Amino acid sequence: MPEGHTLHRLARDLDVAFGGRRVRTSSPQGRFAAEAAALDGAVLVQAESGGKHLFVEFVGDRFVHVHLGLIGKFDITAGTAPPAVGAVRLRIEHEDSYADLRGAITCDLVGRARRDQVIGELGPDPLRADADPDRAWDRIRRSDRALGDLLMDQKVLAGVGNVYRAEVLFRHRLDPRRPGRTLRRGQWVEVWEDLVCLLAEGVRTGRIDTVRPEHTPEAMGRPARKDDHGGEVYVYRRDGQRCFVCDSVVRTSDLKGRNLFWCPRCQPTFRSRATKGPSGP
DNA sequence: CCGGTATGGTGAG
DNA sequence: TCACCCTACCGGT
């Protein structure tokens with residue numbers, strides 16, 4: 001379930017469990033064995049996230065750079081660590097708790113320069129108080145690329161993944177295939193502010209919920225969504241089902257190799273002024 | 001058991 | 001644009 005809120009939450013929880021403490025590190029699976037041995041017994045200074053990247057800092061300007069990719073997990077558990085189960089690439093242990101990293105696309109030991117470079121290449125992250133949405137706007141406003149594509153580009157905007165992309169575009173009635181340059185500034189500001197709220201809520205609850213109060217299962221008398229990520233959503237992976245708002249059928253298509261979901265009536269196809277004709281049909 | 005799929009990203013062509 | 005990487009889970013055989 002790794003979108004930006006997952007990594008932000010993970011950094012916070014790693015801090016609580018291990019921050020400022022001397023920890024044991026190991027690589028039961030073996031693929032991070034040399035690095036884990038080098039860090040073993042060092043003080044874990046802090047953990048931080050930027051977009052979907054996680055940096056776990058150890059004394060001596062040493063950082064474990066983690067990216068969970070599509071299927072990675074970093075589970076923190078209270079109690080004494082049992083023998084590792086499955087492919088644990090990195091285990092961090094303290095007396096009180098342990099954390100197991102599995103399936104990550106990236107797990108590298110890097111220095112501060114590399115950490116700064118990775119963070120520096122990211123677009124603004126709605127979860128960071130110092131984020132500047134104008135940096136993203138400057139890219140979006142001059143781009144011919146589809147809005148759905150731009151929102152997923154971590155150099156434009158950091159932390160938004162396939163679920164938040166689909167949902168925030170639905171919430172603002174925006175066609176995902178509409179070119180970035182056709183967006184008005186006010187619309188972008190609203191999208192950004194909404195992402196700030198949605199991601200913060202995701203950090204708080206640990207799940208992705210995007211439906212407004214009037215569209216919750218309780219409010220509408222419909223069954224709750226039973227899914228692997230647990231949250232209530234409007235269109236993500238709801239293709240073929242009815243839209244809660246307008247009752248039309250939610251659609252899906254492929255955009256740059258990722259599944260895209262939208263409601264054709266709530267997010268009508270955008271037509272530029274030029275193709276509309278001078279005075280209607 | 002096997003194949004398909006997944007909230008992501010990289011590097012080759 | 002495609003092949004590929006990481007792991008777990010789910011459905012159909």
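Positions 1 to 281 (full-length UniProt numbering) are the ones given, in order, by the first sequence.
Cβ coordinates follow ideal geometry from the N, Cα and C atoms, glycine included.
As the structure is a computational prediction, the values presented were derived from the model and not from experiment.
Using the rule of at least 16 other Cβ atoms within 10 Å of the residue's Cβ for burial, across every protein chain shown, is Arg91 buried or exposed?
Answer is buried; the Cβ neighbour count reaches 16.
7 Å Cβ shell around Asp75 - same chain, five flanking residues per side excluded:
Cβ within range, chain order: Ala99, Asp100.
For Val250 and Pro28, the rounded distance between their alpha carbons:
Answer to the nearest angstrom: the Cα atoms are 44 Å apart.
Check Gln187 in the structure and name its three-state DSSP category.
Reduced to three states, the DSSP call for Gln187 is helix.
Just reading off the beta strand (DSSP E) that Leu255 is part of, what are its end residues?
Per DSSP, Leu255 belongs to the beta strand (DSSP E) from 251-255.
CA-to-CA distance, Ala47 to Val16, given in whole angstroms:
Val16 and Ala47 have their C-alpha atoms some 9 Å from each other.
Restricting to runs no shorter than 3 residues, where is the beta strand (DSSP E) found entirely within the region 82-163?
Annotation: the region 82-163 contains the following complete segments of the beta strand (DSSP E) (minimum length 3 residues), in chain order: 90-93, 97-102, 106-110.
One question on the structure: do Leu122 and Gly50 come within less than 7 Å of each other, judged by their Cβ atoms?
yes
Name the one or two DSSP bridge partners that residue 314 has.
Any property of residue 314 remains undetermined from this structure, which presents the chain solely from 1 to 281.
Arg9 versus Arg265: straight-line alpha-carbon distance, rounded:
35 Å
Tell me the rounded alpha-carbon separation between Pro268 and Gly60.
54 Å
Considering just the uninterrupted stretch of the beta strand (DSSP E) at Arg237, what are its terminal residues?
First-last for Arg237: undefined, no H or E at that position.
Quick check: the region 150-166 against the region 125-138, are at least 3 beta-carbon pairs closer than 8 Å?
Segment contact: the region 125-138 against the region 150-166, three or more CB-CB distances shorter than 8 Å; contact assigned.
Could you spell out the range, first to last residue, of the alpha helix (DSSP H) harbouring His5?
4-18
Simplified DSSP state of Glu57, which is helix, strand or coil:
strand
Mind the definition here: the region 21-37 touches the region 171-178 only if three or more C-beta pairs lie below 8 Å; say whether that holds.
no
Given a threshold of 16 other Cβ atoms within 10 Å of its Cβ, counted over all protein chains shown, does Asp149 qualify as buried or as exposed?
So Asp149 ends up on the buried side.
Quick one: using the 10 Å Cβ neighbour count with 16 as the cut-off for buried, is Glu3 buried or exposed?
buried
Just list the residues that DSSP pairs Ala47 with in beta bridges.
Val56
Note down, in chain order, each residue of its chain lying with its Cβ closer than 6 Å to the Cβ of Leu7, except the 5 sequence neighbours on either side.
Once the five neighbours on either side are set aside, the close Cβ partners of Leu7 are Ser49, Lys52, Leu54.
From Gly86, Gly186, Ala166, Arg225, pick the residue whose C-alpha is nearest to that of Asn259; which is it?
Ala166
What does the Cβ neighbour count give for Val211, buried or exposed, with the cut at 16 atoms within 10 Å?
Taking all protein chains shown into account, Val211 has 16 or more neighbouring C-beta atoms within 10 Å of its C-beta and is therefore buried.
What does a CB cutoff of less than 6 Å around Arg31 pick up in its chain, not counting 5 residues either side in sequence?
Non-local beta-carbon contacts of Arg31 in its own chain, meaning distances under 6 Å to residues more than five positions away in sequence, involve Arg89 in chain order.
Where Asp209 and Leu198 are concerned, what is the direct C-alpha to C-alpha distance, given to the nearest angstrom?
If I take the Cα positions, the gap works out to 8 Å.
In terms of alpha-carbon separation, which member of Trp188, Val189, Ala113, Val66 lies closest to Ala104?
Val66
Nearest residue (CA-CA) to Thr80, options Lys73, Gly69, His94, Ile71:
His94
Can you check whether the CB of Val191 is closer than 7 Å to the CB of residue 283?
Nothing can be reported for residue 283: it is not among the residues displayed for the chain, which extend from 1 to 281.
To the nearest angstrom, report how far apart Val189 and Phe170 are at their CA atoms.
15 Å
Beta-ladder partner(s) of His65, from DSSP:
Phe55, Asp108
Using the three-state DSSP reduction, which class does Pro213 fall into: helix, strand or coil?
helix
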